[in-house]
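Quick note on numbering: the sequence shown equals residues -28 to -1, 1 to 216 in mature numbering (1 follows the signal peptide of the UniProt record, and there is no 0).
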Amino acid sequence: MATTASVAFRLYLLLLLLPSGWSPAGWADAHSLSYNFTITHLPRSGQRWCEVQGQVDQKNFLSYDCGTDKVLAGGRLEEQLNATDAWERQLKMLREVGRRLRLELAGIELEDFTPSGPVTLQARMSCECEADGHRNASWEFSVNGQKFLLFDSNNRKWTVVLAGARQMKQKWEEDRKLTQHLEKLSVGDCGSWLQDFSMCRERQEPTAPPSEPTDTAQPISVATTVSPWGLLILLSFILYVIYI
């Protein structure tokens, strides 16, 4: 009769035999969604004061003028989602965020930092879902290309990147409405659209043409018909019956 320790050791060996890519989430891929805002305080004649670039999995899918509510460029994803409620809610959110960032830009003061040219605020909102199902969301703020603050939406933590941004950190940190709003947008809205947009993008990916049928029957692979974790449970049960 095998001891409990020996059975546990066999289970450990089974875990080692599982390929590293296998996961209980069903081999889910990681996906990301981001929006890059560019807000110009005093735009020149003909210059847009608010522009947004949207990316799904680091691939552009949207270029949007949030000042005039005009889609400048879109891809196949935009064509597929254009008439959906999610797409319209997204554009409405982008317009509202653009207006809010414009108000915040007027009050941004950084110590020992003098921007050259028109003052612009860049804000990057991003959310991602890792292969194991863990979700992350964040904001990144820059002035004229100089990054100065980061906001981790998961724990509502502000991080100073530029030494002269300590006062701005304190100002925005104490603005509870702003903090809650940023968290809601990046964790809630962005996370919801990430699921919708990434699923649509997956349906657009080209698939390999079906192989020609052959007269010889091919054996069915266990790996393609049985979940790896289901297989592990089955083997564990067999060991339990045999050795306990």
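No residue lacks a Cβ here, since even glycine has one placed at the ideal position from N, Cα and C. Just so you know, these numbers come straight off a predicted model, no measurement behind them.
Here residue 70 has 22 and 38 as same chain residues with Cβ atoms under 6 Å from its own Cβ, once five neighbours each way along the sequence are excluded. In this chain, residue 16 is not harboured by any beta strand (DSSP E), its DSSP state being neither H nor E. Assignment of residue 72 by DSSP, reduced to helix, strand and coil, places it in the helix class. Here DSSP, grouped into helix, strand and coil, assigns residue 134 to coil. Going by DSSP, residue 155 is part of the alpha helix (DSSP H) stretching over 148 to 155. According to the DSSP assignment, residue 35 belongs to the beta strand (DSSP E) that extends over 31 to 37.
With a cut-off of 8 Å on Cβ pairs, the stretch 149 to 165 is not in contact with the stretch 82 to 89, counting fewer than three such pairs.
Cβ neighbours of residue 58 within its own chain (closer than 7 Å, five residues either side excluded): 165 and 168. When DSSP states are grouped into helix, strand and coil, residue 158 belongs to the helix group. If you ignore the 5 residues before and after residue 161, its C-beta comes within less than 7 Å of the C-beta of 65, all in its own chain and listed in chain order.
Put simply, the backbone Cα of residue 112 is about 14 Å away from that of residue 145. The bridge partners DSSP lists for residue 41 come to none.
Counting only unbroken stretches of 3 or more residues, the beta strand (DSSP E) elements lying wholly within the stretch 102 to 126 are 107 to 115 and 118 to 124, in sequence order.
Our two residues, residue 159 and residue 125, have alpha carbons roughly 7 Å apart in a direct line. Checking the DSSP bridge columns, you'll see residue 27 partnered with 6 and 32. Selection 110, 143, 135 and 134 evaluated against residue 127 yields 110 as nearest (Cα-Cα). With a beta-carbon spacing of about 10 Å, residue 119 and residue 132 fall beyond the 8 Å limit used to define contacts. By the beta-carbon neighbour count (other beta carbons within 10 angstroms, threshold 16), residue 26 is buried. Cα atoms of residue 90 and residue 18: separation of roughly 14 Å, rounded to the nearest angstrom. DSSP places residue 98 within a strand segment (E or B) once states are collapsed to three.
The shortest C-alpha to C-alpha distance from residue 10 to any of 155, 44, 96 and 41 is the one to 96. Nearest Cα to residue 24 within the set 13, 94, 44 and 36: 36.
Taking a 10 Å sphere around the C-beta of residue 135, we find fewer than 16 other C-beta atoms and assign the residue as exposed.
Counting other Cβ atoms within 10 Å of its Cβ, residue 62 reaches 16 or more and is therefore classed as buried.
Distance from the CA atom of residue 94 to the CA atom of residue 78, rounded to whole angstroms, is 13 Å.
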